[in-house]
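Residue numbers (the UniProt record's numbering): 1 to 289. Beta carbons are placed, not taken as given, at the ideal position from N, Cα and C, and that holds for glycine. Because the structure is a prediction, the values reported are computed rather than measured. Beneath this line is the structure, given in structure tokens, with notes to follow.
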Amino acid sequence: MSDEGEKTCPLCAEEMDLTDKQLKPCKCGYEICVWCWHHIMEMAEKDETQGRCPACRTPYNKEKIVGMTSQCERLVSELNVEKKLKPQKGKSKTSEGRKQLGSVRVIQRNLVYVLGLPFHLADEDILQRKEYFGQYGKVLKVSISRTSTGAIQHFPNSTCSVYITFSKEEEAIRCIQLVHGFILDGRPLRACFGTTKYCHAWLRSMPCSNPDCLYLHEIGSQEDSFTKDEIISAYTRNRVQQITGASYSIQQHTGSVLPSPTDVNYSDNNTAFAGKSSSKASANTPVRL
1 MSDEGEKTCP LCAEEMDLTD KQLKPCKCGY EICVWCWHHI MEMAEKDETQ GRCPACRTPY
61 NKEKIVGMTS QCERLVSELN VEKKLKPQKG KSKTSEGRKQ LGSVRVIQRN LVYVLGLPFH
121 LADEDILQRK EYFGQYGKVL KVSISRTSTG AIQHFPNSTC SVYITFSKEE EAIRCIQLVH
181 GFILDGRPLR ACFGTTKYCH AWLRSMPCSN PDCLYLHEIG SQEDSFTKDE IISAYTRNRV
241 QQITGASYSI QQHTGSVLPS PTDVNYSDNN TAFAGKSSSK ASANTPVRL
């Protein structure tokens, strides 16, 4: 019963993979996933304070932790090169090859992940309305992040996170451009493309018993596939301009309602990106882990 994949992050309740387990951000031994650590540091930066361990409140050493992720990135890159050099030879190697996909995330270009949403808005029906994310395009589904017990995940500053599935990629892009960096009721919002990962049963070459499983059961597009380390380093370096290739000006950076599409003046680059978006996502693309 010593399955590595069983450990979960105490903050977001998501399963911790090899990258997360190697993070070790605090001397007290309290471990969290890389995504939650990054969120803590971003929120602290915004408030001009220090990011601290949720357990013992010791300030995190950002330089040391970023160095850890860089080392892990090199290790994963070597594994990826080795994997690409090995041709798939029959079913006997299928299971072994799939296990290497455990740390891979695949971008869903019509899916937006928004972090920092005020907790009083944690209602799927409300968020789907025209006053909220419905103003950016046709919303197919809204899913608030929940723990394994079904409870809504609480993030610092009384916030939650949400996934919005749009009918088209350009609608997701519009949402990201408008929402990312906007301050809603005093809470800074972060928006990026959502990603999915591979089904745990499928990775073990076993049948998936969940008919509603939202994870991948086939190899995703290589151009939209990233290791968690590649995504983290990209997210650390870039902001929403690099996602879309568009320059725009938000006339209202803060408010009690989400910004309207009329609040943004798009440049011609926005149209250009729509044509580029089906090509390979660059390493500069911030995405949800």
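Check your understanding: From this set, Q135, L117, G137, which residue's C-alpha is nearest S145's C-alpha?
Key -> L117
Review point. Is DSSP giving T165 helix, strand or coil here?
Key: strand
Point to revise | Distance, A191 Cα to E131 Cα | key: 18 Å
Check your understanding: Would you call the region 202 to 220 and the region 123 to 137 touching, i.e. three or more CB-CB distances under 8 Å?
Key -> no
Check your understanding: Closest by CA to P10, which one among E31, S256, I176?
Key -> E31
Point to revise | Collapsed DSSP secondary structure at T8 in the structure displayed | key: strand
Check your understanding: Does DSSP put V257 in a helix, in a strand, or in coil?
Key -> coil
Review point. Taking C-alpha atoms, which residue in E48, W37, V162, D125 lies nearest to K64?
Key: W37
Exercise for review: Locate the beta strand (DSSP E) running through K141, then write down its first and last residues.
Suggested key: 139 to 144
Review point. Are the region 188 to 203 and the region 168 to 179 in contact at 8 Å, needing three or more beta carbon pairs?
Key: yes
Exercise for review: Could you tell me how far apart the beta carbons of R187 and T165 are, in whole angstroms, since I believe they sit closer than 8 Å?
Suggested key: That pair is no contact at about 23 Å.
Practice item. Please confirm whether T254 and I152 have their CB atoms less than 7 Å apart. Key: no
Check your understanding: Among K99, E48, S221, V142, which one has its Cα closest to the Cα of A201?
Key -> K99
Check your understanding: Leaving out five residues before and five after S167 in sequence, what residues of the same chain have Cβ atoms less than 6 Å from its Cβ?
Key -> K138, L140
Practice item. Measure the CB-CB distance between S148 and A55 and report whether it falls below 7 Å. Key: no
Review point. I107: which of L216, D185, P261, K27 sits nearest, CA to CA?
Key: L216
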